[in-house]
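Number of protein chains: 2
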Amino acid sequence: MTNLHRHAPLRVALVGLGTVGGGVIRLLQANAELIARRAGCPIQIVAISARDRNKDRGVDLSPYDWVDDMTTLPGRDDVDVVVELIGGADGPALTLARQCLAAGKPFVTANKAMLAHHGLDLATLAEKAGIALKYEAAVAGGIPVIKGMREGAAANEIARVYGILNGTCNYILTTMEKDKRSFDDVLKEAQELGFAEADPSFDIDGIDAAHKLTILASLAFGTELDFDNVATTGIRHVIAADIAEAAALGFRIRLVGMAQNGPEGLFQRVHPMLVPLDHPLAHVDGSLNAVVVEGNFVGRLFFQGRGAGDGPTASAVVADLIDVARDEYGDAFAMPVSALTQQQPADAGARIGRAYLRFKVKDRPGVLAEIAAAMRDAGVSIESMIQRGNHQEDGVLIAIVTHAGEERCVLDTLERLAGSDSLLQTPMVMHILD
Amino acid sequence: MTNLHRHAPLRVALVGLGTVGGGVIRLLQANAELIARRAGCPIQIVAISARDRNKDRGVDLSPYDWVDDMTTLPGRDDVDVVVELIGGADGPALTLARQCLAAGKPFVTANKAMLAHHGLDLATLAEKAGIALKYEAAVAGGIPVIKGMREGAAANEIARVYGILNGTCNYILTTMEKDKRSFDDVLKEAQELGFAEADPSFDIDGIDAAHKLTILASLAFGTELDFDNVATTGIRHVIAADIAEAAALGFRIRLVGMAQNGPEGLFQRVHPMLVPLDHPLAHVDGSLNAVVVEGNFVGRLFFQGRGAGDGPTASAVVADLIDVARDEYGDAFAMPVSALTQQQPADAGARIGRAYLRFKVKDRPGVLAEIAAAMRDAGVSIESMIQRGNHQEDGVLIAIVTHAGEERCVLDTLERLAGSDSLLQTPMVMHILD
């Protein structure tokens, strides 16, 4: 409880002055008095560094010491903590992180890619130095879900953690849903509005969500970070008709990152799922993020909020700084790195669940019989099916929801149909959140 | 970061062995290994105390030292922390709390009534001794909302905090809604099922929610706890027709505790509100709790989960113990007691908002004109109105939603109508969450 006796300011070096960096500066200015009361001391930026000194960022940078060479920051005695908002799994961010932690300088970051790939190394360095490595902003922006899992749900054995971890994808999917528009059309608009990057693949191919899921899984299960075994599918192949048919069947489509642990191993997957209307994730709209944690005593916890943007992300960065100022922090992944277990990846094929399959087929007799036979032979049982009249210019859509069964049987169905000249495109498979 | 070096068990004395106390014992047994990894040391109950030694609680108490006189616990060297689960604002719980904190013994409690009334005194004692006073379980059961506000949203100036803080009331209201049944009928069933107490007034009159709101308000605004100025109305007077008419107008009825701070003062109120269907609180069903925090940088955070029951509440109690074991704790109300401000209560009459009014009137000409004239004279403008045919055996129901306006005008309307022999009962007023 050293904060009662701490009065000297916490001195911060801020590296990276993009949207979030600017937000951190604005937040520390706007809420300075309140933050000092809560943190037990003022939190002051003393030094800043970024690539381009001359870019207009809409905030007054003159009070801060501009540093061209960020590698000088870890060694400065007038810096108590370094905040890294550069991004990127490797390169300058990783160099800076290693330097800081090796030099015994507490380190706060929003860099999910770096943590997903190098989190254990960095946590080991922090542990050796007995200092803070904090990253609330790395997952789900302003939602305090790292804290919620590391501390709030810490008493629980956690069965599953899952959620909507990428605001860009959720904006695209829910806009497609609301306006009945195509993926390409909505993506283009999102790019024009600044909600999606010029190169959107990190978001829409699910990689960003996979980074975040990797971190959540480690916190949930006490397992080592294992990004390489996250099976990742993005939303590029979700078409407007999928959303319409899913709605007709009582579902909404969301990009869900899910991790589950058990005797069968660690399962980690990011992919578009059908979410039943009575599940809270079905009501997460626009660019919001949400995380569900299922613990053996607490039951289902649901956290929702803004997962990106300067304000929410800055809120999480500064929450970390307040924890550092209060001296209320500990192991980055909730326990010493040596206590984390290595877990084998689970065989997804053995998972039991319902699935949605969508086929685009030639409009001719016998096609449905062919699909139905493949499903029968693969042991897949049909719960419901929709085939609309020929409103597609070049074929017919068939949407099927299966009864619960092993995922391998669904894959087997597709293998049996592979090469069939009845199919006009690769079938789409999405699993159902139950 | 002392947890890395802590290996001796954290030794707990547990006082109060009702539902939650039993849950804490079961949780510490079931998840012992995991908790030790996360906490950095085992967490072990060493002593227990409750009123009746011979009651069967469904858990094996033989491993623990039974203590008849709980006042001996604060002085025991083999106890590191005392957990109080007796309840009650005063009496034995308060005596124990004061003894513990004065003796320098960390104290964990789920006792919202005691905190609402004596929280500042207790926090002052904890501060003097430099020890933990923790109470995550006191508000919203298993949802880590104390932590979410004290730490997760700590960087924000918070404009409003509000939520569904009483599971019994939410169960009754949502069951009335779903099954179209009366309050008395559902309450009786809830009592038979054990979801409501034999004397339900603490829950259904909003007092329990008011205790919790008092705590949330202090954390949100950095103000002193002020239970006496929470305006509290329960759900006894909500009738099935209110729920039906609210639904027809696009709302659901929830008991909402809301606190708001600003230049006009501190506003704290617990009362049934009309919640628009597109607000997340409208989808909080059954005995779930939920809390919304609106911060100036993070935006709207939404937390949902189980607000009561042995498992969720035990999860929160043990999360507190893990924080104590990790040495990650600080000021109970997020800042030293001396830094909390005293804030004048706000004048609710000056609040701007929409309201729902329900009149039960005689079925005769001129009644609607009388009500409409009173509203006009009080400066209240009508947004929508429903008068159903005479399906009430003894009168007609008129449900009105007003345009946004000052609350004092709605009260003025009622004063103008007071004593009118057109009214068959006191009109119902509920405000609308916007």
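Going down the list, the protein sequences come from chains V and H. Each position in the first sequence, counted from 1, maps to that position plus 331 in our numbering. Each position in the second sequence, counted from 1, maps to that position plus 331 in our numbering. Backbone N, C-alpha and C fix where the C-beta goes; we use that ideal spot for every residue, glycine too.
Counting only runs of at least 3 residues, the segment 349–387 of chain V fully encloses the following beta strand (DSSP E) elements, listed from N- to C-terminal order: 374–380.
With its beta carbon less than 9 Å from one in chain V, E467/H belongs to the interface. In the three-state DSSP reduction, I503/V falls in the helix class (H, G or I). DSSP links S715/H through a beta bridge to V732/H. Proximity of K543/H to chain V, defined by a Cβ-Cβ separation below 9 Å, is not satisfied. DSSP, reduced to helix, strand and coil, places H762/H within a strand of the structure shown.
Looking at the DSSP output, M706/V shares a beta bridge with no other residue. DSSP places K691/H inside the beta strand (DSSP E), whose first and last residues are 686–692.
Around the beta-carbon of G473/V, 16 or more other beta-carbon atoms lie within 10 Å, marking it buried. DSSP places L404/H in no alpha helix (DSSP H); its state is neither H nor E.
As the crow flies, the alpha-carbon of L688/V is around 21 Å from that of Q599/V. In the DSSP secondary-structure assignment, N620/H is bridged to G636/H. The Cβ atoms of V377/V and D396/V lie closer than 9 Å to each other. In the structure shown, the three-state DSSP call for K459/H is helix. Between L359/V and I374/V, the C-beta gap is smaller than 9 Å, which places the two residues in contact. In the three-state reduction of the DSSP assignment, M666/V falls in the coil class. The C-beta distance from L496/V to K543/V rounds to 4 Å, short enough to meet the 8 Å contact threshold. G473, I474, P475, K478, G479, E482, G483, A484, A485, A486, N487, E488: these are the residues of the segment 473–507 of chain V whose beta carbon lies less than 8 Å from some beta carbon of chain H, given in chain order. When DSSP states are grouped into helix, strand and coil, H602/H belongs to the strand group.
Within the segment 654–668 of chain H, the residues whose Cβ lies closer than 9 Å to some Cβ of chain V are D654, R657, D658, E659, Y660, G661, D662, A665, M666, P667, listed in chain order.
For V398/V, no Cβ of chain H is located within less than 9 Å of the residue's own Cβ. Apart from sequence neighbours up to five positions away, the residues of its chain that approach N620/V with a beta-carbon distance below 8 Å are A471, G472, I474, G494, I495, L496, N497, G498, N501, Q635, G636, R637, G638, A639, ordered along the chain. For F582/V, the beta-bridge partners assigned by DSSP are P607/V. Here M666/H really is in contact with G553/H; their C-beta atoms are around 6 Å apart, less than 8 Å. The continuous alpha helix (DSSP H) containing R747/H extends over residues 738–748. Between A381/H and G352/H, the C-beta gap is smaller than 9 Å, which places the two residues in contact. For I366/V, the neighbours in chain H by C-beta distance under 8 Å run, in chain order, A485, A486. T644/V is classed as buried because its beta carbon has at least 16 other beta carbons within 10 Å across all chains shown.
A Cβ-Cβ separation of about 6 Å places V569/V in contact with I584/V under the 8 Å criterion. Here the alpha carbons of L446/V and L671/V stand approximately 15 Å from one another. Residues are counted here when their Cβ sits less than 8 Å from a Cβ of chain H; for the segment 438–449 of chain V the count is zero. For N627/H, a Cβ of chain V is located within less than 9 Å of the residue's own Cβ. Contact between V668/V and A454/V holds: CB atoms are separated by about 5 Å, below the 8 Å threshold.
Neighbours of N620/V in chain H, taken as residues whose beta carbon is under 9 Å from its own, are absent, since the nearest beta carbon is some 11 Å off. DSSP places V492/H in the uninterrupted beta strand (DSSP E) bounded by 489–495.
I356/V counts as buried, since at least 16 other C-beta atoms from the protein chains shown sit within 10 angstroms of its C-beta.
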